[in-house]
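K.L.:
This is the structure I have questions about; it appears just below.
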Amino acid sequence: MIQNKSKIHTIRHDAKNRWKIGMSIQHWRGNPRNVAKMPYKFSDGECKGIQAIRIFRAEKVYFSELTVWIDNRKLSHEEVERLAANDGLSIAEFIRWFVPKAGSEFHGKIIHFTDLKY
């Protein structure tokens, strides 16, 4: 997905503010720290931008409502779908990965591989 440019960013916890614009990024298939699984580095990249993200899945009586803020701006439903796709996920996969339970919340950073900003 990174090689064909359909995944143009990644979303990570970044409590220690590790990521900085201009930093080198190594793209791996598998975990490079687990050599038993034979990880493979397939590309080098650069951090082109960073944005704060908060994802909240509200508990509702009949459904769960997903709300996403980037840099304190609430995204529309269409923007959330585009965000998930740009991260290489369907909206269902995005929800399962970041906020699997109603009432849960995720705080992190979007690490951009391109100049796109939300």
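Each residue of the sequence shown is one higher than the last, beginning at 28 in the numbering used here. Yeah, the Cβ is synthetic: ideal placement off N, Cα and C, and Gly gets one too. Keep in mind the model is a prediction, meaning the values are calculated, not measured.
#1: For the alpha helix (DSSP H) holding Phe125, just list the boundary residues, first then last.
#2: Should Pro133 and Ile97 be called a contact, given that it needs their Cβ atoms to be closer than 9 Å?
#3: By the DSSP assignment, the beta strand (DSSP E) with Arg109 in it spans what residues?
#4: Reducing DSSP to helix, strand and coil, say where Asp71 ends up.
#5: Which stretch, first to last residue, makes up the beta strand (DSSP E) that contains Lys87?
#6: Determine the extent of the beta strand (DSSP E) in which Gly49 is found, giving its start and end residues.
#7: Return the residue from the list Ala42, Lys34, His40, Gly72 that minimises the CA-CA distance to Ile48.
#8: With a CB to CB cut of under 7 Å and the five nearest residues on each side skipped, what residues in its chain are close to Lys101?
#9: Among all the DSSP beta bridges, which residues are the ones paired with Thr94?
#10: So for Lys101, helix, strand or coil by DSSP?
P.N.:
By the coordinates alone:
#1: Residues 118–125.
#2: The displayed chain sequence assigns Phe, not Pro, to residue 133. Taking 9 Å as the Cβ cut-off, Phe133 and Ile97 do not qualify as a contacting pair.
#3: According to the DSSP assignment, Arg109 belongs to no beta strand (DSSP E) but to the alpha helix (DSSP H) extending over 104–113.
#4: In the structure shown, Asp71 sits in a strand (DSSP, three-state: E or B).
#5: From DSSP, Lys87 is part of no beta strand (DSSP E); its letter is neither H nor E.
#6: First-last for Gly49: undefined, no H or E at that position.
#7: Looking at the Cα atoms, Gly72 is the closest of the given residues.
#8: Its chain contains Thr94 as the residues whose beta carbon lies nearer than 7 Å to that of Lys101, once the 5 sequence neighbours on both sides are disregarded; these appear in chain order.
#9: DSSP lists Phe83 as partners of Thr94.
#10: The answer is strand: DSSP assigns Lys101 an E or B state.
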